[in-house]
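Asker: Counting in this note's numbering, the sequence shown runs from 5 upward without gaps. Every residue, glycine too, gets a C-beta built ideally from N, C-alpha and C. Sending over a structure as C-alpha cells; questions will come in a sec.
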Amino acid sequence: MPMQPPLHRLLKHLTRPFVALLLVGCMHTPSQVATQDRTGLLLPDGQRIDAAGDLVSFGGRPVDVTVGPDGRFLYAKDNRGIVVIDGNTWKVVQELPFGKDRGGSQHGIALNGAGTRLYATTAQHHFMVGAIADDGTLSWEDTVALPGPKGTDASHPTGIALTPNGTHAWVTLSRNNALAKIDLTTPTVEETIPTGIAPYDVVLSADGATAWVSNWGGRRPAPEDQTADSSGTEVVVDDRGIGASGTVSSIDLASGETIAEITTGLHPTDLLLNRDGSRLFVANANSDTVSVIDTTTHTVLQELGVRPDPKLPFGSAPNGLALNADESRLFVANGGNNAIAVVSLEDPNAYRVTGFLPTAWYPAGLDWHDGNLYVANVKGLGSRKDKPENDGRSVYDFLGTINRIPESALDQLDRHTAAVHRQGNTPQVLTAWERSHRTTNPVPVPENLGEASVFDHVVYIVKENRTYDQVLGELPQGNGDPSLCLYGRDVAPNHYALAEEFVLLDNFYCNGVNSADGHAWVTEGNVTDYLEKSFGGFTRSYTWGDDALSYSSSGFIWDNVLAHGLSFRNYGEMDYAETVPAEATFTEVYENFRAGGEAVTFKQKIGIGRLQQFTAPDFPGWNMRIPDVLRAERFLAELDDFSEQGTFPNMTLVYLPQDHTSGTKPGQPTPEAHMADNDLALGQIIEGLSKSPFWPKMCIFVIEDDPQNGFDHVDGHRSICFVVSPYTRRQAVVRHFYNQTSVLHTMARMLGIPPLNQRDAMSPLMSDCFTEKPDFTPYAARPNTVPLDRLNPELTSLNDDQKRWALASLAQDLTHVDAADEDTFNRIIWHAIKGVDTPYPADFAGAHGKGLGHLNLIIDPDAEEDGD
C-alpha cells in the first residue's frame with residue numbers, strides 16, 4: 005500500500021533537518037508549540053498530532069496531573085519528579101526531582117483540600133510529602149518508606165487516596181499486592197491490607213469506609229488456572245502466556261476484608277467515583293473499554309468500548325478518567341489514539357461515546373477544573389528536549405506536555421472527532437483489515453489483505469542496539485555521517501554488502517527506545533500502558549518475555565501466525581541462555597565450538613510457555629559469552645534438515661545479539677570482534693537461506709530491537725533494516741519513512757494474515773523495496789577480517805584512561821538485556837574504537853541521567869553535559 009500522499013510528498017522534498025523534526029513528532033519549536041497551530045505534526049508510527057487547546061512542554065514523561073483548589077497552579081508527576089505550572093501564565097515555574105535514585109511511578113499524585121500539601125509515589129518505595137508555598141512552588145518535607153515484599157526491596161507504590169478528614173492516605177503497593185495506610189501526621193505506615201494482584205489505583209467512598217482498588221493483574225489464581233510470573237507473583241494467563249485477568253476490589257477498611265472482587269477488562273488502571281458514589285468508572289487499558297460498576301450491587305452495568313471506530317482492532321489503551329463539573333460527561337484518555345473519548349452520561353441506562361478530542365502523544369492522567377480539561381501526555385511531542393532545532397536528538401530527550409482543553413471545545417466536537425480520525429489514519433487501519441476476495445497475480449507485497457504474494461516464507465532476524473550511523477555511516481550513497489561510524493566495512497563487510505547488493509534504507513526508525521519496549525514493538529507491534537509509564541524505574545520488571553502483565557492483549561506475531569494455521573519457528577528470541585558449566589568463559593565457549601566439542605552446553609530460560617514450544621532447543625539466546633557464529637551454525641544445521649524434508653516454516657524468528665558487545669570488559673571480545681562475529685553470522689545465515697530450496701519464495705528482514713540511545717546525526721531512533729529476497733530491488737536506495745511496525749505489517753501482508761493491532765495496521769507497507777522481476781542470485785557471505793576471539797586486555801596492561809572505561813565495563817550488568825547503563829556503555833564503545841582522546845558526540849547522543857541507567861532515568865533539567 006502506498007504511503008499517504010501528503011507524507012509521501014513531504015518526504016520526497018524534505019531536507020535532512022526537516023526529516024529529523026518530522027520523525028520525533030513535531031515540526032515546531034517549543035515556543036511555537038504553546039501558541040501556534042499544531043495541525044499535521046507527524047509521529048514515528050504515522051499518527052499525527054492535531055492537539056486541541058493549549059500545550060505547555062517540559063523535559064519529562066508525565067503520567068499524572070492535578071489542579072490546585074483555586075486553579076492557579078497545576079502539578080504534573082513525570083519520570084523525574086513534580087513539574088509545577090502556573091495556570092495564569094501557562095509556563096513551567098518549577099521542576100523538582102524526587103531525589104537521587106528516585107523516579108516517578110506509573111500513577112499516583114494527590115493534593116490536600118487546602119492545596120498546601122502534595123503527595124506522590126516513586127517507582128521504588130517512597131511516599132513523598134511536599135509542602136506548597138504561596139507562590140505555588142514545592143519543597144519536599146517528608147518521605148515515608150514503603151518496603152517491598154522482601155522487606156527491603158521495591159514495592160512500586162502507585163495510586164493514592166486521601167481520607168475525608170485528610171489525616172491519612174491509602175496507597176497501593178503494586179509488588180506487595182497490598183494497600184498501605186499512612187498516618188500523614190507522623191508520617192508512618194499504620195497497616196497494610198491484601199488486595200488483588202498488582203493494585204494500581206484506589207478511591208474511597210464519601211465516608212471513607214470503603215476502598216475501591218483496581219487490580220492491574222486481576223484475581224489471585226485458582227488451582228486450575230494457567231499462570232506465569234510477574235515480578236515475583238504468579239498471575240492468571242491465557243494460552244498465549246498473556247495476563248488474562250483484571251478486577252476491582254471493594255474493601256471494608258475497618259475489617260480489612262474484601263467485600264467483593266469484580267471482573268473488569270484487562271489492565272484496569274484509573275478509577276473514578278461519581279459524586280454520589282453510585283457509579284465507579286474503570287479504565288481498562290489492555291481491553292480498550294471502560295467498565296461501569298454499580299457500587300451497591302457490585303455488578304458491571306456496562307462495558308463501554310472507547311475506540312474511535314468500533315470496527316477498529318485493539319490499540320486505544322484507555323488509561324485515564326475525568327468527569328466534568330455537572331457529571332454529564334466522562335472523559336477517557338486513549339493513550340493509543342492520542343485522543344480523549346467524550347462519553348455522554350445523560351442517559352443512565354446507556355452511556356455512549358459522542359466524539360473525541362485530539363491531544364498530544366499518549367494522553368494519560370486527566371483532571372477537570374473550572375471549565376477546563378487538563379491532560380498529561382506521556383510522550384508529548386517526542387524526543388526534542390533542549391535542542392528542538394537540531395538533528396541527532398537522543399531517544400531520551402523527552403518532551404512531555406500538558407494539554408488544557410476548554411469546555412468550549414465540545415461545541416466543535418464533530419470537527420475534533422474528524423481530526424482524531426485523520427491523525428490516527430482510521431480509514432487506513434480499517435482498510436488494512438479488509439480481506440479481498442479478488443483473484444490477482446502474486447506480487448511481493450499485495451495491495452490488499454488476502455491477495456496472493458510471491459512469498460511463502462518470511463525470516464525475521466532481530467539484532468541488538470545499533471543506530472544507522474554507527475554501522476552504515478560510511479556508505480556514501482546513504483544519508484550517513486562517517487565521523488559517527490564505529491563499525492565500517494572493515495568490521496561489518498556483510499552489513500555493507502547487504503545494503504549495497506539489495507536495498508539501502510536510510511530513513512528507517514525504531515519505534516521504541518530500549519530493549520523492554522523495543523522487543524515489544526518488534527514482536528507485538530505495540531507497547532502497553534505499563535511500558536509507556538515505567539520510565540521513572542522499571543521496578544516491576546524490565547521485561548523481555550518474563551512478565552506476563554506487560555504484554556499487549558493483541559498478542560505476539562507468532563500468535564497471529566499460528567492462529568491462521570501457519571507454521572512458526574523461534575531461534576533465541578526472549579531466551580536468557582545459560583552456559584553449562586555456568587562459569588564458562590567466552591574463550592572456553594568459543595574454543596569448544598571451534599573444536600566441535602561437548603564440554604560446554606546450554607540451557608534455555610524462556611518465560612512464555614507458548615514461545616518455548618516453538619523454539620529450537622539447541623539455539624541459545626541472550627548471553628554475551630556465546631558467539632553468534634555458534635548460533636548461525638545451529639540454525640544452518642536445522643536449515644539442512646528442513647531442506648531434506650522439503651518444508652520450512654512460514655515464519656522464522658532468529659535472534660543475533662552480539663552486536664550489543666561487552667564494552668571493554670577484560671576477557672570478553674573487543675567491540676569490533678563482537679560486531680565482526682555478528683556480521684559474519686548474519687552473512688552465513690543469509691547465504692544459507694539464499695542457497696536453500698526455499699529461497700525463490702522467501703523474504704528476509706533484518707532489524708535492530710532498539711537504538712540503545714546511540715548517536716546518529718539525524719535522530720537517535722534511526723536504525724538499520726535490510727530487506728533480502730529475490731524480489732528485492734537490487735542496488736537501490738529507498739528513502740521512504742519506515743519503522744519496526746512497517747516490517748510487521750509487511751510480513752503479515754505477505755503471509756496473508758491481518759495486522760496485530762492499530763499500531764502496525766497504520767504503518768506504511770514497504771512496497772517500494774520490491775520489484776516484480778526476481779533475481780534469484782544467492783548471497784555470498786563475506787569473511788571476517790577482525791579475529792572473532794580478539795579479547796579486551798586485562799586491567800594491568802592498560803593506561804589510566806583505558807582502565808577507567810574497562811572498570812566501567814566491569815561494572816555493567818551483561819546478564820540481562822539493557823541492564824547496562826546505556827549512556828555509559830555507548831561512551832565505552834566510542835572510546836574503545838575512536839580512542840580515549842576523541843570527544844564523545846554528546847550533541848548527537850545526549851546524556852540522560854549521568855549514569856543512573858534504565859532503572860532510574862532521572863534527569864536534572866539544569867545539568868550541563870560534562871563531556872569526557
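Could you spell out the range, first to last residue, of the beta strand (DSSP E) harbouring residue 544?
Answerer: Counted from its first residue, the sequence shown places residue 544 at position 540. No beta strand (DSSP E) holds residue 544; DSSP gives it neither H nor E.
Asker: Does the Cβ-Cβ distance between residue 78 and residue 70 come in under 8 Å?
Answerer: Counted from its first residue, the sequence shown places residue 78 at position 74. Counted from its first residue, the sequence shown places residue 70 at position 66. In contact: residue 78 and residue 70 (Cβ atoms closer than 8 Å).
Asker: Does the Cβ-Cβ distance between residue 298 and residue 310 come in under 8 Å?
Answerer: Counting from one through the sequence shown, the residue named residue 298 turns up at place 294. Counting from one through the sequence shown, the residue named residue 310 turns up at place 306. Result no, Cβ atoms of residue 298 and residue 310 do not sit closer than 8 Å.
Asker: Decide if residue 227 is buried, meaning its Cβ has at least 16 other Cβ atoms within 10 Å, or exposed.
Answerer: The sequence position of residue 227 within the sequence shown is 223, counting from 1. By the neighbour-count rule (16 or more Cβ atoms within 10 Å), residue 227 is not buried but exposed.
Asker: Going by C-alpha to C-alpha distance, which of 504, 457, 567 sits closest to residue 480?
Answerer: Locating residue 480 in the sequence shown gives position 476, counting from the first residue. Of the listed residues, the one whose Cα sits closest to residue 480 is 504.
Asker: Please state whether DSSP places residue 753 in a helix, a strand or coil.
Answerer: Locating residue 753 in the sequence shown gives position 749, where the first residue counts as 1. Helix.
Asker: Count the other CB atoms within 10 Å of the CB of residue 654; is the residue buried (16 or more) or exposed (fewer)?
Answerer: Translated into positions along the sequence shown, residue 654 becomes position 650. Buried, because 16 or more other Cβ atoms sit within 10 Å of the Cβ of residue 654.
Asker: Taking all protein chains shown into account, do 16 or more other C-beta atoms lie within 10 angstroms of the C-beta of residue 104, making it buried, or fewer, making it exposed?
Answerer: For the purposes of this step, residue 104 is identified with residue 100 of the sequence shown, where counting begins at 1. Residue 104 is exposed by the Cβ-count criterion.
Asker: Using DSSP with H/G/I as helix, E/B as strand and the rest coil, what is residue 88?
Answerer: On the sequence shown, residue 88 is found 84 positions in, with the first residue counted as 1. Three-state result, residue 88: strand.
Asker: Give the secondary structure of residue 486 by DSSP, where H, G and I count as helix, E and B as strand, and everything else as coil.
Answerer: As a working mapping, residue 486 is identified with position 482 in the sequence shown. Of the three classes helix, strand and coil, the one that applies to residue 486 here is helix, per DSSP.
Asker: Within a Cβ cutoff of 6 Å, which residues of the same chain sit near residue 787, ignoring the five residues on either side of it in sequence?
Answerer: Sequence index remark: in the sequence shown, residue 787 carries index 783 (1-based). No residues qualify anywhere along the chain.
Asker: Within the same chain, show all residues whose beta-carbon is closer than 6 Å to that of residue 577, passing over the 5 residues directly before and after it, in chain order.
Answerer: One-based indexing of the sequence shown puts residue 577 at position 573. Cβ neighbours of residue 577 beyond the five flanking positions: 657, 659.
Asker: Go ahead and label residue 465 buried or exposed: buried means 16 or more other beta carbons lie within 10 angstroms of its beta carbon, across all protein chains shown.
Answerer: The sequence position of residue 465 within the sequence shown is 461, counting from 1. Label assigned to residue 465: buried.
Asker: Quick check: what's the CA-CA separation for residue 371 versus residue 269?
Answerer: Working through the sequence shown from its first residue, we reach residue 371 at position 367. Working through the sequence shown from its first residue, we reach residue 269 at position 265. Answer to the nearest angstrom: the Cα atoms are 23 Å apart.
Asker: Would you check if the distance between the CB atom of residue 202 and the CB atom of residue 535 is smaller than 8 Å?
Answerer: Numbered from its first residue, the sequence shown carries residue 202 at position 198. Numbered from its first residue, the sequence shown carries residue 535 at position 531. Cβ distance not < 8 Å, so residue 202 and residue 535 don't count as in contact.
Asker: Between residue 794 and residue 677, is the Cβ-Cβ spacing less than 8 Å?
Answerer: Working through the sequence shown from its first residue, we reach residue 794 at position 790. Working through the sequence shown from its first residue, we reach residue 677 at position 673. Contact flag set, yes.
Asker: On a CA-only basis, which of 343, 611, 355 is nearest residue 384? Give me that one, please.
Answerer: Along the sequence shown, one-based indexing puts residue 384 at 380. Closest by alpha carbon: 343.
Asker: Around the Cβ of residue 584, are there at least 16 other Cβ atoms within 10 angstroms (buried) or fewer (exposed)?
Answerer: The residue labelled residue 584 in the question sits at position 580 within the sequence shown. Exposed, since its Cβ has fewer than 16 Cβ neighbours within 10 Å.
Asker: Can you give, in chain order, each stretch of the alpha helix (DSSP H) that sits fully within the region 463-516 and has at least 4 residues?
Answerer: 472-476, 497-505
Asker: CA-CA distance, residue 284 and residue 126?
Answerer: To locate residue 284, count along the sequence shown from 1; it is residue 280. To locate residue 126, count along the sequence shown from 1; it is residue 122. About 26 Å.
Asker: Indicate the three-state DSSP secondary structure (helix, strand or coil) for residue 241 in the structure shown.
Answerer: Residue mapping note: residue 241 aligns to position 237 of the sequence shown, counting from 1. Reduced to three states, the DSSP call for residue 241 is strand.
Asker: With a cut-off of 8 Å, do at least 3 Cβ pairs link the region 746-766 to the region 554-571?
Answerer: yes
Asker: Should residue 219 and residue 199 be called a contact, given that it needs their Cβ atoms to be closer than 8 Å?
Answerer: In the sequence shown, residue 219 corresponds to position 215, counting from 1. In the sequence shown, residue 199 corresponds to position 195, counting from 1. Result yes, Cβ atoms of residue 219 and residue 199 sit closer than 8 Å.
Asker: Could you please give the first and the last residue of the uninterrupted alpha helix (DSSP H) stretch that includes residue 675?
Answerer: Counting from one through the sequence shown, the residue named residue 675 turns up at place 671. Counting along the chain, residue 675 sits inside the alpha helix (DSSP H) bounded by residues 675-694.
Asker: Rounded to whole angstroms, what's the CA-CA distance from residue 517 to residue 723? Just pull it up for me.
Answerer: Reading the sequence shown from its first residue, position 513 is the one you call residue 517. Reading the sequence shown from its first residue, position 719 is the one you call residue 723. Near 11 Å, if we compare the C-alpha coordinates of residue 723 and residue 517.
Asker: Does the region 670-687 come within contact of the region 836-845, defined as at least 3 CB pairs closer than 8 Å?
Answerer: Short answer: they touch.
Asker: Return the chain-ordered list of same chain residues with a C-beta closer than 6 Å to the C-beta of residue 697, the five sequence neighbours on each side being excluded.
Answerer: As a first step, residue 697 is located in the sequence shown; it is residue number 693 there, counting from the start. Counting only residues of its own chain and dropping the five nearest sequence neighbours on each side, residue 697 has a CB closer than 6 Å to the CB of 647.
Asker: Over the uninterrupted beta strand (DSSP E) stretch that includes residue 265, give me the two end residues.
Answerer: Indexing the sequence shown from 1 puts residue 265 at position 261. Where residue 265 is concerned, the enclosing beta strand (DSSP E) stretches over 261-267.
Asker: Have a look at residue 39 and residue 95 and give me their C-alpha separation to the nearest angstrom.
Answerer: As a first step, residue 39 is located in the sequence shown; it is residue number 35 there, counting from the start. As a first step, residue 95 is located in the sequence shown; it is residue number 91 there, counting from the start. Residue placement at residue 39 is poorly supported in this model, since its pLDDT is 29, which falls under 50; the coordinates are not used for a value here.
Asker: What separation, rounded to the nearest whole angstrom, lies between the Cα atoms of residue 149 and residue 569?
Answerer: Walking along the sequence shown from the start, residue 149 turns up at place 145. Walking along the sequence shown from the start, residue 569 turns up at place 565. Going by the C-alpha atoms only, they are around 52 Å apart.
Asker: Rounding to the nearest angstrom, what Cα-Cα distance links residue 108 and residue 539 in this structure?
Answerer: Against the sequence shown, residue 108 aligns to sequence position 104. Against the sequence shown, residue 539 aligns to sequence position 535. If you take the alpha carbons of residue 108 and residue 539, they lie about 8 Å apart.
Asker: Going by the CB atoms, is the gap between residue 717 and residue 485 shorter than 8 Å?
Answerer: Within the sequence shown, residue 485 is the residue found at index 481, counting from 1. Within the sequence shown, residue 717 is the residue found at index 713, counting from 1. Their beta carbons are under 8 Å apart, which means residue 485 touches residue 717 by this criterion.
Asker: Going along the chain, which residues of its own chain have a beta-carbon closer than 7 Å to the beta-carbon of residue 158, five neighbours each way excluded?
Answerer: Residue 158 sits at position 154 when you count from the first residue of the sequence shown. Around residue 158: 128, 129, 152, 179, 543.
Asker: Ordered along the chain, which non-local residues of its own chain (more than five positions away) have a Cβ less than 6 Å from that of residue 467?
Answerer: Here residue 467 refers to the residue found at position 463 of the sequence shown. For residue 467, where only same-chain residues beyond five positions count, the Cβ hits under 6 Å are 660, 663, 708.
Asker: Do you know how far the Cα of residue 131 is from the Cα of residue 242?
Answerer: Taking the sequence shown and counting its residues from 1, the one referred to as residue 242 is at position 238. Taking the sequence shown and counting its residues from 1, the one referred to as residue 131 is at position 127. Going from the Cα of residue 242 to the Cα of residue 131 covers about 34 Å.
Asker: What's the C-alpha gap between residue 312 and residue 490?
Answerer: The sequence position of residue 312 within the sequence shown is 308, counting from 1. The sequence position of residue 490 within the sequence shown is 486, counting from 1. Those two C-alpha atoms are separated by around 45 Å.
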